[in-house]
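Comments concern the structure below.
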Amino acid sequence: MRVLLNFRALFFKSQGQPRLLLPAFATILLTFGVGLGATRGLERSRTEEQRARALARTGNFAAAEALYVKLFVATPSATTAIALMQNHERGLAGTDTNDRGDRVENDRLLPEDALDDVLERSLPTDVAVVMRFWRAVDKEPKEPIPAELRDAIRVSAMASPPRPWSNHALAREAMKNKDLAEAATRFEREGLAFPERNEDVDLALSLWMANEAWEHVRGLMADPRVASNADPMTAYRFAVHERDWKRAAASLALTWGTRFTVPSLAMTSVSALAWFFFCARLGKLRERPIKRTLFYVAAFGLGTVSVIPTVCLIAVEEALLNLVETGDATRDLLFFIFGVALREEASKLLLFVPLLLALRKWGEKLDILVAGAMLGLGFAAEENLGYLASGDLHTGLGRFLTANFMHMAMTAILASALDDFVRDSESYAADFSRITLTVVLMHGAYDFLLSHEEFGGSYLAMGVFFILVRMFLTAVDHAKARRERDRGLTLTQTFILAVSVVTGTSAVYAVAAVGLGQGARVMSEGMLGVAILVYAFGRTLHER
Numbered sequence: 002m003r004v005l006l007n008f009r010a011l012f013f014k015s016q017g018q019p020r021l022l023l024p025a026f027a028t029i030l031l032t033f034g035v036g037l038g039a040t041r042g043l044e045r046s047r048t049e050e051q052r053a054r055a056l057a058r059t060g061n062f063a064a065a066e067a068l069y070v071k072l073f074v075a076t077p078s079a080t081t082a083i084a085l086m087q088n089h090e091r092g093l094a095g096t097d098t099n100d101r102g103d104r105v106e107n108d109r110l111l112p113e114d115a116l117d118d119v120l121e122r123s124l125p126t127d128v129a130v131v132m133r134f135w136r137a138v139d140k141e142p143k144e145p146i147p148a149e150l151r152d153a154i155r156v157s158a159m160a161s162p163p164r165p166w167s168n169h170a171l172a173r174e175a176m177k178n179k180d181l182a183e184a185a186t187r188f189e190r191e192g193l194a195f196p197e198r199n200e201d202v203d204l205a206l207s208l209w210m211a212n213e214a215w216e217h218v219r220g221l222m223a224d225p226r227v228a229s230n231a232d233p234m235t236a237y238r239f240a241v242h243e244r245d246w247k248r249a250a251a252s253l254a255l256t257w258g259t260r261f262t263v264p265s266l267a268m269t270s271v272s273a274l275a276w277f278f279f280c281a282r283l284g285k286l287r288e289r290p291i292k293r294t295l296f297y298v299a300a301f302g303l304g305t306v307s308v309i310p311t312v313c314l315i316a317v318e319e320a321l322l323n324l325v326e327t328g329d330a331t332r333d334l335l336f337f338i339f340g341v342a343l344r345e346e347a348s349k350l351l352l353f354v355p356l357l358l359a360l361r362k363w364g365e366k367l368d369i370l371v372a373g374a375m376l377g378l379g380f381a382a383e384e385n386l387g388y389l390a391s392g393d394l395h396t397g398l399g400r401f402l403t404a405n406f407m408h409m410a411m412t413a414i415l416a417s418a419l420d421d422f423v424r425d426s427e428s429y430a431a432d433f434s435r436i437t438l439t440v441v442l443m444h445g446a447y448d449f450l451l452s453h454e455e456f457g458g459s460y461l462a463m464g465v466f467f468i469l470v471r472m473f474l475t476a477v478d479h480a481k482a483r484r485e486r487d488r489g490l491t492l493t494q495t496f497i498l499a500v501s502v503v504t505g506t507s508a509v510y511a512v513a514a515v516g517l518g519q520g521a522r523v524m525s526e527g528m529l530g531v532a533i534l535v536y537a538f539g540r541t542l543h544e545r
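Numbering (the numbering used here), first residue to last: 2 to 545.
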C-alpha cells in the first residue's frame, strides 16, 4: 500500500492536481539508467574485434588501434592487418566520416615505423608484400614506391588465380591517383576472384557507373556471379538507369534487410510502445479494450506495410520520371513535395481505406483519429529503422525525436478528413482537397528544409512541425477526446511520459555512440522539436 501511495505521489500532488515535471525527469532518468546498463552489458559481451570496430565508429581510433594490434599479434592475418591499417589511416585523417564528421585528434596513434614493425611480424611473404605496398601508398609525405615492391605486387595481382588483396591494394593506389578506370578494373578482378569480398565488385560497379561505362556494367550484371552478389542498392541504381521500375522496386525492397540492427530495433520498439501507450490513453482504450486494441494494432501493422506501395512509387518516380534530389533548390522543393511527401501520404492513406470501412461501422470519430495516428506511427517506426541504421547519428536522432509524432499527426489529420469526405462527399470535397494539399505541402517543406540548411534548415523545419502538431491536436480537441475526466493518469501526463521515454532512449543511443558531450550536441536539434511538441500540446489542449 505504501508503494502505491508513493507511486501516486510521483504523479499527483496532495490535493490531487497532476504533476508533470517530476514524472518527466524521473522517467528520463529511469529510461537512461536502464538503457545505459543494458548497453554496457551488451558491450561486455562483444568480442575484442567488435569492440575495436565500435571504437573506430565513434572516432576513438587510438583505442581501436590498441585492440587491433593486440588481435594481430595474437593471430596474424591479412584481414586483421588491413583493419589495423584502415583504422590508422582514418585516425591520421582525424575525421569520423560515418557518424558526425567532427575533427578528432589522435595523438596516441602508433608512430609510422612502430606500425611497420608490427605489420612485419609473422605474415607469409605474399601477404607481407601486400601490406608493405598498402603502407607505401598511404604514407605521407609521399615517396616513390620501390620498383621491386611494385613488380612483386603486380605479379601477385596478375597470377592465375591472383593472390588475395593484391588487386585491391593496386585499386587503392589508382583511387588515390584519380585513375578511376584502373581502380574499377582492379576492384572487379579482386571481387570476382574472391566471392567473399563481393563489396569489391560493388565498388567496381559504382566506379563504372560514375564513368558512364554502362555497356560494361550491363555485361557485368549479366554475369550470375555479379548479379547474385551485387549489393541491392547497386542493383537499384542500375535498374533506375535502365528505367526498369519493377526491378528497381525489387532491389530497393532488399535494402530493407540492412535496417534490422539490434540498436535500431530496440530504439524503434521502445519508441513505438511509448507512443502506443499515449494513443491508447488518447483513444480511451479501456472503455472498449478488445475492439479498440484490435483497431489500433491493425492500424500500426498497416502503417508498417504501407512501405510496400511507397517502395513501388519510389521506383516509378526515379526509374520512369527521373524525379530525384539534385541539389538544385527549386527542383528539390518539387521533389520533396510531389515526390517524397505525396507518395508517403498517398501510401498511408491507401492502406487506411480498408480500416476506415470497419471503423465507420463499429467505431466513432475518435477511433478514426487515433487509428490514423497509429497507422502513421507504424510508418514512422519502419522509417526510423532506416535512419538509425544509416550511421548518420545527427540526422537519425533528430528525426527519431520528431518524426514519430509528425507522422502520427499527418496521418490522423488525413484519416479524419477522409472520413468526413466519405460521409458527405459533396459537403467535404473541398475540405478534403485543402487538408490533403496542406499536409503534403507541409511534409514536403519539412523534408526540404532538413536537406537545405542554407534556407534555415532544421530551425525553419521545426516551424512546419509546430503547425502540423497544432493541426492534429486541434482535431483531437474537436473529437472531444476530453469530454470526461478518466481516473488515473491524465492525457497530458501520458503524453509527457511518452516524450520522456523517447528522449531517454535517444540519450542512451547518443551517449553509447559518441560519448556524453558529443551526444548532447547531436541531440540538440531533436530536443528543439521535443520542446515545440510539448509547447504545442500544452497550448492546444489546455489540460490541467
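Each residue gets a CB set at the ideal place from its N, CA and C atoms; glycine is no exception.
| Asked | Found |
| --- | --- |
| Quick check on this structure: which residue in V317, A374, F296 and G399 has the alpha carbon closest to the alpha carbon of L469? | A374 |
| Who are the near neighbours of R47 in its chain, counting only those whose CB is closer than 8 Å to its CB and skipping five residues on each side? | A55 |
| Pop quiz: V341 and D245 are said to be a contact at Cβ under 8 Å. What is the actual Cβ separation, rounded to whole angstroms? | Actually they do not touch by this definition, with Cβ atoms about 22 Å apart. |
| Which whole-angstrom value describes the C-beta separation of T475 and I29, a residue pair presumed to lie in contact below a C-beta threshold of 8 Å? | Incorrect: roughly 28 Å between the Cβ atoms, too far for contact. |
| Excluding the 5 residues preceding and the 5 following F433 in the sequence, name in chain order all residues of the same chain whose CB lies nearer than 6 Å to its CB. | A418 and F422 |
| Counting only the same chain and skipping the five closest in sequence on each side, list residues whose C-beta sits under 7 Å from that of L192. | The sequence shown places Gly at residue 192, not Leu. Taken in chain order, the residues that qualify are R198, N199, D201, V202 and A205. |
| Could you give the residue range of the alpha helix (DSSP H) that holds D201? | N199 to A211 |
| Identify, in the order they occur along the chain, each residue of the same chain with its Cβ nearer than 7 Å to the Cβ of R540, setting aside the five sequence neighbours on each side. | none |
| Report the rounded CA-to-CA distance for G397 versus L461, giving the unit in angstroms. | 18 Å |
| Note down, in chain order, each residue of its chain lying with its Cβ closer than 6 Å to the Cβ of D412, except the 5 sequence neighbours on either side. | Residue identity differs from the one stated: residue 412 is Thr in this sequence, not Asp. Excluding positions up to five away in sequence, the list reads K349, G373, L376 and G377. |
| Excluding the five sequence neighbours on either side, which residues of its own chain have a C-beta within less than 7 Å of the C-beta of L286, listed in chain order? | R293 and T294 |
| Rounded to whole angstroms, what is the Cα-Cα separation between R52 and G92? | 16 Å |
| If you run the structure through DSSP and keep just helix, strand and coil, what is F473? | helix |
| Note the first and the last residue of the continuous alpha helix (DSSP H) segment covering S265. | V263 to L283 |
| Would you call F279 buried or exposed, if buried means 16 or more other Cβ atoms sit within 10 Å of its Cβ? | buried |
| DSSP on F13, reduced to helix/strand/coil? | strand |
| Let me know the secondary structure DSSP gives P147 once reduced to three states. | coil |
| In angstroms with no decimal places, state the Cα-to-Cα distance between L14 and I497. | The amino acid occupying residue 14 in the given sequence is Lys; Leu does not appear at that position. Approximately 17 Å between the Cα atoms of the pair. |
| Rounded C-beta distance between L352 and L415? I'm assuming under 8 Å. | Contact doesn't hold; Cβ gap of about 12 Å is too wide. |
| Quick check on the DSSP output: the alpha helix (DSSP H) that includes K366 runs from which residue to which? | K366 to A390 |
| In angstroms, rounded to a whole number, what distance separates the CA positions of A194 and E455? | 46 Å |
| Spatial neighbours of G233 within its chain, please: CB distance less than 6 Å, with the 5 preceding and 5 following residues excluded, ordered by chain position. | It should be pointed out that residue 233 corresponds to Pro in this sequence rather than to Gly. So the list reads S252, L255 and T256, once near-sequence residues are dropped. |
| How do the segment 216-223 and the segment 267-282 stand: do at least 3 beta-carbon pairs fall below 8 Å, yes or no? | no |
| Where T331 and S452 are concerned, what is the direct C-alpha to C-alpha distance, given to the nearest angstrom? | 13 Å |
| Ignore the nearest five residues each way along the sequence and tell me which others in A499's own chain have a CB closer than 8 Å to its CB. | A275, W276, F278 and F279 |
| Buried or exposed for Q494, please, with buried defined as at least 16 other CB atoms from any protein chain shown within 10 angstroms of its CB. | buried |
| Let's see if you can read the secondary structure: which residues bound the alpha helix (DSSP H) around N168? | S167 to K177 |
| Rounded to a whole number of angstroms, what is the C-alpha to C-alpha distance between A10 and Y536? | 25 Å |
| Please state the DSSP three-state secondary structure of P290. | helix |
| Ordered along the chain, which non-local residues of its own chain (more than five positions away) have a Cβ less than 7 Å from that of V502? | T28, T32, V271 and A275 |
| Could you tell me the boundaries of the alpha helix (DSSP H) in which A254 lies? | W246 to L255 |
| Comparing C-alpha positions only, which one of D224, F188 and F380 sits nearest to W209? | F188 |
| Classify L5: buried if its beta carbon has 16 or more other beta carbons within 10 angstroms, exposed otherwise. | Low confidence applies here, because L5 scores a pLDDT of 43, under 50, leaving its location unreliable and the question unanswered by this model. |
| Report, in whole angstroms, the separation of the C-beta atoms of P77 and R133, which I expect to be a contact under 8 Å. | Contact doesn't hold; Cβ gap of about 14 Å is too wide. |
| From the DSSP secondary-structure annotation, give me the bridge partner or partners of P196. | In DSSP, P196 forms no bridge with anything. |
| Between which residues of its own chain and S380 is the CB-CB distance below 6 Å, once the five residues before and five after are set aside? | In the sequence as presented, Ser is not what sits at residue 380; that position holds Phe. G304, S307, K349 and H408, listed in sequence order. |
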